[in-house]
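Line by line, the protein sequences are chains A and B. Counting along the first sequence from 1, when you hit position 210 you're at 210 in the working numbering, and nothing is skipped either side. Counting along the second sequence from 1, when you hit position 87 you're at 1087 in the working numbering, and nothing is skipped either side.
There are 2 protein chains.
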Amino acid sequence: MDCIKNRRTIRKYKQEEIPAALLNELLEEAFRASTMGNMQLYSVVITRDQQVKEKLAPAHFNQPMVTSAPVVLTFCADFNRFSKWCKCRKAEPGYDNPISFINAASDALLVTQNFCTLAEAHGLGICYLGTTVYNPDKIVDVLQLPELVMPIATITVGYPDECPAQPERLPLEGILHEEVYHDYTSEDIERIYSAKEAMPENQHFVTINNKETLAQVFTDIRYKKADNEYMSEVLKKTLKQQGFRK
Amino acid sequence: MDCIKNRRTIRKYKQEEIPAALLNELLEEAFRASTMGNMQLYSVVITRDQQVKEKLAPAHFNQPMVTSAPVVLTFCADFNRFSKWCKCRKAEPGYDNPISFINAASDALLVTQNFCTLAEAHGLGICYLGTTVYNPDKIVDVLQLPELVMPIATITVGYPDECPAQPERLPLEGILHEEVYHDYTSEDIERIYSAKEAMPENQHFVTINNKETLAQVFTDIRYKKADNEYMSEVLKKTLKQQGFRK
Chain A
1 MDCIKNRRTI RKYKQEEIPA ALLNELLEEA FRASTMGNMQ LYSVVITRDQ QVKEKLAPAH
61 FNQPMVTSAP VVLTFCADFN RFSKWCKCRK AEPGYDNPIS FINAASDALL VTQNFCTLAE
121 AHGLGICYLG TTVYNPDKIV DVLQLPELVM PIATITVGYP DECPAQPERL PLEGILHEEV
181 YHDYTSEDIE RIYSAKEAMP ENQHFVTINN KETLAQVFTD IRYKKADNEY MSEVLKKTLK
241 QQGFRK
Chain B
1001 MDCIKNRRTI RKYKQEEIPA ALLNELLEEA FRASTMGNMQ LYSVVITRDQ QVKEKLAPAH
1061 FNQPMVTSAP VVLTFCADFN RFSKWCKCRK AEPGYDNPIS FINAASDALL VTQNFCTLAE
1121 AHGLGICYLG TTVYNPDKIV DVLQLPELVM PIATITVGYP DECPAQPERL PLEGILHEEV
1181 YHDYTSEDIE RIYSAKEAMP ENQHFVTINN KETLAQVFTD IRYKKADNEY MSEVLKKTLK
1241 QQGFRK
């Protein structure tokens, strides 16, 4: 499993198509992930058409991978197919609620990660776009997602044309808790974050952004409270529009 | 990657401990999954203590794996650690909102699936407990999860003591959409679900539950509207209690 240990996100891809048969094979294997009651509460929209990519790009804040990758995959939480099946079979579906959204989103994310692992094991590179849940309304429009379908993860895929350094991760003790959660003291925080903060590239971020600390780069520039509150409203509105919220 | 293709959920485990060093190694590798802005918005609570397992069991509707597996892992969406870091660094965190919950939950689920793949590749068996989001309030209590921490996935882990048949999956065409979502007609539903419905074990489910169709087993017994609505309220209440909702 060195492909997981040594993985890195790939944002630059070769001008080389991914054979449809390979992509289908990887997706089919990915669908072996655990799924709630074997309901398979997800759908995947495959985008290869340049025009569709260009329509999707603004929803992803025009990150260049969307238009430069040979394939863009949008993994969706999907209770539409299952509900349609119920209606065809004299059964009354009851999945227009938040818990059903969470169940379907979980199914979709497990499959997303499974796909990423399989793709990387086959020499492909992927980039996970966190922007999917920031502008779900735009993605719903472009991909024509019906009620009870919500986009939850987007992956750009292609043959790697770069090999960036592996980003740092926090020390294991910062993430694991034995038996119960042991809340972090300031000394814990100090110990857990010191190596990250000492890295030249992270210190460089602080400098070029004119900030005093690395944390301020996150709170004041990258992931701001006002943006989070705005995007929370868009998320709630889109969940309502898609039928998962009253 | 045959370990993904041939995987099955394991619910019966040998009476054999998982070495702590192996578990830590697998978790550390799992943390290589993509994470929003490299914030690593998750924590993992490791349960080995039989008494804690017995306290967790009711939250998982007393599924026997919780008390019989050597290890139970609860993967949590965690903005607590990151927010504490911000506060220690003169930065004002703004992550007490729904979008931040979704970001952290996504991070946690990608790591969960990565861990499952690694565990299976090392000969372990896992069972994913969907019950985690049904009784999050009880899990919060037992594991003493502070504000901005929500349990999102639970995995029981151990050396397999069974080899069940692989469950069926829907045909690929039922899940994939080219370029845009093509909504399902009744003919599509017919084609996609016919093999599943024809399986003797699924027909047996219909019979023993005194139902007319397989879909009714889901809507009337396994995943009922009233239950979903009740659990949606618990979820909303717990998200509020944990600080992710106003």
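We put the beta carbon where it would ideally sit given N, CA and C, even for glycine.
By Cβ distance below 7 angstroms, which residues in the same chain neighbour residue i in space, the five residues on each side in sequence not counted?
i, result
"V72(A)", "T47, K53, L56, V66, T154, T156"
"P146(A)", "N80"
"M199(A)", "E168"
"F1061(B)", "T1131"
"K248(A)", "There is simply no residue 248(A) to check, as chain A begins at 1 and stops at 246 in what is shown."
"F1101(B)", "A1077, M1150, L1239, F1244"
Counting only beta-carbon separations shorter than 9 angstroms, does residue i have a partner in chain A?
i, result
"E1017(B)", "no"
"E1201(B)", "no"
"C1022(B)", "Note that residue 1022(B) corresponds to Leu in the displayed sequence, not to Cys. No, no contact with chain A."
"Y1193(B)", "yes"
"A1104(B)", "no"
"R1011(B)", "no"
"P1160(B)", "no"
"Q1216(B)", "yes"
"N1114(B)", "yes"
"M1036(B)", "yes"
Locate the alpha helix (DSSP H) running through residue i, then write down its first and last residues.
i, result
"T1219(B)", "Premise fails: T1219(B) is in no alpha helix (DSSP H) and is neither H nor E."
"A1195(B)", "1186-1198"
"A1077(B)", "It is not in any alpha helix (DSSP H) - A1077(B) instead sits in the beta strand (DSSP E) that spans 1071-1078."
"L235(A)", "225-241"
"T1009(B)", "T1009(B) -> no alpha helix (DSSP H), and no H or E assigned at all."
"E1029(B)", "1020-1030"
"E54(A)", "50-56"
"S1068(B)", "1065-1068"
Using a Cβ-Cβ cut-off of 6 angstroms (strictly less than) and excluding sequence neighbours within five positions of residue i, which residues of its own chain qualify?
i, result
"V1142(B)", "K1055, L1056"
"I1139(B)", "A1059, P1151"
"V45(A)", "T74, L143"
"Y134(A)", "M231"
"T1035(B)", "D1107"
Quick one: residues in its chain with C-beta nearer than 8 angstroms to the C-beta of residue i, no 5 flanking neighbours on either side, listed in chain order?
i, result
"K14(A)", "G158, Y159, P160, D161"
"D137(A)", "V234, K237, T238, Q241"
"L1109(B)", "F1075, I1152, A1153"
"P1093(B)", "F1079, F1082, S1083, C1086, K1087"
"H1122(B)", "L1022, L1026"
One question on the structure: do residue i and residue j come within less than 9 angstroms of each other, judged by their Cβ atoms?
i, j, result
"T238(A)", "I1004(B)", "no"
"L1170(B)", "I1192(B)", "yes"
"V1217(B)", "N1209(B)", "yes"
"F1244(B)", "I175(A)", "no"
"D1262(B)", "A1077(B)", "Outside the shown range of chain B (1001 to 1246) lies residue 1262(B), about which nothing can therefore be said."
"Q113(A)", "T1009(B)", "no"
"C1127(B)", "A1069(B)", "yes"
"L172(A)", "E1028(B)", "yes"
"Y223(A)", "M1039(B)", "yes"
"S43(A)", "Y1181(B)", "yes"
"E1197(B)", "Q1203(B)", "yes"
"A195(A)", "A1105(B)", "no"
Are any of the Cβ atoms in chain B nearer than 9 angstroms to that of residue i?
i, result
"S68(A)", "no"
"N210(A)", "no"
"P164(A)", "no"
"E29(A)", "yes"
"T213(A)", "yes"
"D183(A)", "yes"
"T117(A)", "yes"
"T47(A)", "yes"
"T219(A)", "yes"
"A121(A)", "yes"
"P58(A)", "no"
"H204(A)", "no"
"K5(A)", "yes"
"F82(A)", "yes"
Which residue comes first and which comes last in the beta strand (DSSP E) that contains residue i?
i, result
"E1178(B)", "1176-1178"
"Y42(A)", "42-47"
Exercise for the section: Could you tell me which uninterrupted beta strand (DSSP E) segments, each at least 3 residues in length, are contained entirely in the stretch 86-167 of chain A, listed from first to last along the chain? Expected result: 125-129, 149-158, all fully within the stretch 86-167 of chain A.
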